[in-house]
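Asker: The UniProt record's numbering runs 81 ahead of the 1-based position in the sequence shown.
Structure in structure tokens, see below.
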Amino acid sequence: TLYRVVCTPVGDATRAGVMASFEDVTSIETAGQMRRDFVANVSHELRTPLTALIGFIDTLRGPARNDAAARDRFLITMEREAERMNRLVNDLLSLSQVETEERIRPTDLQDVPALVDSVCHNLRPLSDDMQVALEVIPNVTLPKVLGDGDQLRQVFVNLIENAMKYGRDGGRVTIAFEVINRDPILAGPAVAIIVKDYGPGIDSIHIHRLTERFYRADDHRSQQLGGTGLGLAIVKHILNRHRGRLKIESKVGEGSCFAVLLPQPPQAG
Ligand code: ADP
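Set out below in structure tokens:
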């Protein structure tokens, strides 16, 4: 615990003294430290592509000036770096927006399997491209939940894209649903949307940290795949807003399972 000592002069002309009081500033200090870490992380993440871009511009002006083949190659890399920065800025804006809205409870009823179907429809070209079979298993009828449609869509995009990216070798990603009578952590009835891949899996030491901003289980692989390290942090904040939660299970060598749990709305009447 961190204390700040506040000294206040007390007394009168005959007797003077100082009153010391102790103020608990732990949470203020922790918040300050988190903000400083975040700024340092963002700067670092932006600097990597920026440094590459500056280097390529220099080379294009100098040694590669008259080399058309090199120029084309460099432009492709520069485009990739610029796209990485673009994704990072977009994810930072999403994160900031979902954090701002975290206290506003969603009021619309959403048909979750319909949202999942439409997300999968949009991701179909990507899954075809990656040669990953994307399969929705309509195993149960889910009750509607209170939610923000765009945000829930974002949750499913992030989880399904991750499953395809990291689990690509497994060749398939499945999405199934479950009705839960009582989730012990949400303390009530819930629905679950389970995104499963058959890829390399995640070592258990990483699992509880995956929703931290910029935390990556495999730094190199995430960078290579163009990840920003913010996808699961965005998911966590959106689920907080929905009073839901993310449950991650994984076995190295077998694959991973990311389950979204959302509370069932109270029964009418
Ligand atoms: P990123 O942009 O790096 O993908 P995320 O926040 O979406 O960031 O994910 C954080 C990390 O979690 C990833 O870098 C990766 O190491 C790990 N991860 C997420 N989903 C999976 C998955 N389906 N299989 C294996 N690892 C995963």
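Using N, Cα and C, we set each Cβ at its ideal position, and we do this for glycine too.
Being a predicted model, the structure only gives us computed values, none of them experimental.
#1: When you compare only the Cα positions, how much space is there between Met-115 and Thr-129?
#2: For the region 244-253 against the region 203-214, are there 3 or more C-beta pairs whose distance is under 8 angstroms?
#3: Looking at Leu-134 and Val-236, is the spacing between their C-beta atoms short of 8 angstroms?
#4: Taking the alpha-carbon of Val-238 as reference, which of Ile-275, Glu-259 and Lys-225 has the nearest alpha-carbon?
#5: Ordered along the chain, which non-local residues of its own chain (more than five positions away) have a Cβ less than 6 angstroms from that of Tyr-296?
#6: Helix, strand or coil for Ala-271 per DSSP?
#7: Confirm the yes/no value for this check: CB of Thr-111, any heavy atom of the ligand ADP, distance under 7 angstroms.
#8: Excluding the 5 residues flanking Arg-253 on each side, which residues of the same chain have their C-beta closer than 7 angstroms to its C-beta?
#9: Go ahead and pull the three-state DSSP assignment for Phe-137.
#10: Is Thr-181 close to the ligand ADP? I mean its beta-carbon at under 7 angstroms from any heavy atom of the ligand.
#11: Is the beta carbon of Leu-313 within less than 7 angstroms of some heavy atom of the ligand ADP?
#12: Hey, would you say the C-beta of Ile-283 is under 7 angstroms away from at least one heavy atom of the ligand ADP?
#13: With DSSP collapsed to three states, give me the class of Pro-344.
#14: Apart from the five residues on each side of it in sequence, which residues of its chain come closer than 7 angstroms, Cβ to Cβ, to Arg-146?
#15: With H, G and I counted as helix, E and B as strand and the rest as coil, what does DSSP make of Thr-309?
#16: My guess is that His-318 and Leu-176 are in contact by the Cβ rule of under 8 angstroms, so how many angstroms apart are they, rounded?
#17: Taking C-alpha atoms, which residue in Ile-288, Leu-311, Asp-231 and Gly-307 lies nearest to Ala-298?
#18: For the beta strand (DSSP E) that Pro-90 lies in, which residues bound it at each end?
#19: Pull up the distance between the alpha-carbon of Glu-183 and that of Leu-173, whole angstroms please.
#20: Look at the Cβ atom of Arg-326, then the Cβ atom of Leu-342, and state whether they are nearer than 8 angstroms.
#21: At the level of alpha carbons, what is the spacing between Gly-334 and Lys-277?
Answerer: Per the coordinate set shown:
#1: In the sequence shown, residue 115 corresponds to position 34, counting from 1. In the sequence shown, residue 129 corresponds to position 48, counting from 1. Distance between the alpha carbons of Met-115 and Thr-129 is about 21 angstroms.
#2: yes
#3: Numbered from 1 along the sequence shown, position 155 holds the residue referred to as residue 236. Numbered from 1 along the sequence shown, position 53 holds the residue referred to as residue 134. Cβ distance not < 8 angstroms, so Val-236 and Leu-134 don't count as in contact.
#4: In the sequence shown, counting from the first residue as 1, residue 238 sits at position 157. Selected option, being the one with the closest Cα: Ile-275.
#5: By 1-based counting over the sequence shown, the position of residue 296 is 215. These residues qualify, in order along the chain: Arg-290.
#6: The residue labelled residue 271 in the question sits at position 190 within the sequence shown. Correct three-state label for Ala-271: strand.
#7: The residue you call residue 111 lines up with position 30 of the sequence shown. Incorrect: Thr-111 has no Cβ contact closer than 7 angstroms to the ligand ADP.
#8: What you label residue 253 is simply residue 172 of the sequence shown in a count that begins at 1. The residues are Val-213, Ala-214, Glu-216 and Tyr-279.
#9: For the purposes of this step, residue 137 is taken as the residue at position 56 of the sequence shown. Three-state DSSP puts Phe-137 in a helix.
#10: The count along the sequence shown starts at 1 and reaches residue 181 at position 100. Thr-181 Cβ: outside cutoff for every heavy atom of the ligand ADP.
#11: Position 232 of the sequence shown, counted from the start, is the residue given in the question as residue 313. At least one heavy atom of the ligand ADP is nearer than 7 angstroms to the Cβ of Leu-313, so yes.
#12: In the sequence shown, counting from the first residue as 1, residue 283 sits at position 202. The answer is yes for Ile-283.
#13: Taking the sequence shown and counting its residues from 1, one reaches residue 344 at position 263. Note: Pro-344 maps to strand in three-state DSSP.
#14: Here the question's residue 146 lines up with position 65 in the sequence shown. If we look at Arg-146 and ignore the five residues flanking it on each side, it has no Cβ neighbours.
#15: Along the sequence shown, one-based indexing puts residue 309 at 228. It is coil, neither helix nor strand.
#16: For the purposes of this step, residue 318 is taken as the residue at position 237 of the sequence shown. For the purposes of this step, residue 176 is taken as the residue at position 95 of the sequence shown. That pair is a contact at about 7 angstroms.
#17: Your numbering for residue 298 matches position 217 in the sequence shown. Ranking the options by Cα distance to Ala-298, first place goes to Ile-288.
#18: Taking the sequence shown and counting its residues from 1, the one referred to as residue 90 is at position 9. Pro-90 -> beta strand (DSSP E) spans 84-92.
#19: Taking the sequence shown and counting its residues from 1, the one referred to as residue 183 is at position 102. Taking the sequence shown and counting its residues from 1, the one referred to as residue 173 is at position 92. Going from the Cα of Glu-183 to the Cα of Leu-173 covers about 15 angstroms.
#20: Indexing the sequence shown from 1 puts residue 326 at position 245. Indexing the sequence shown from 1 puts residue 342 at position 261. Against a cut-off of 8 angstroms, the Cβ pair of Leu-342 and Arg-326 comes out as a contact.
#21: In the sequence shown, the residue the question calls residue 334 occupies position 253. In the sequence shown, the residue the question calls residue 277 occupies position 196. Rounded to the nearest angstrom, the two C-alpha atoms are 13 angstroms apart.
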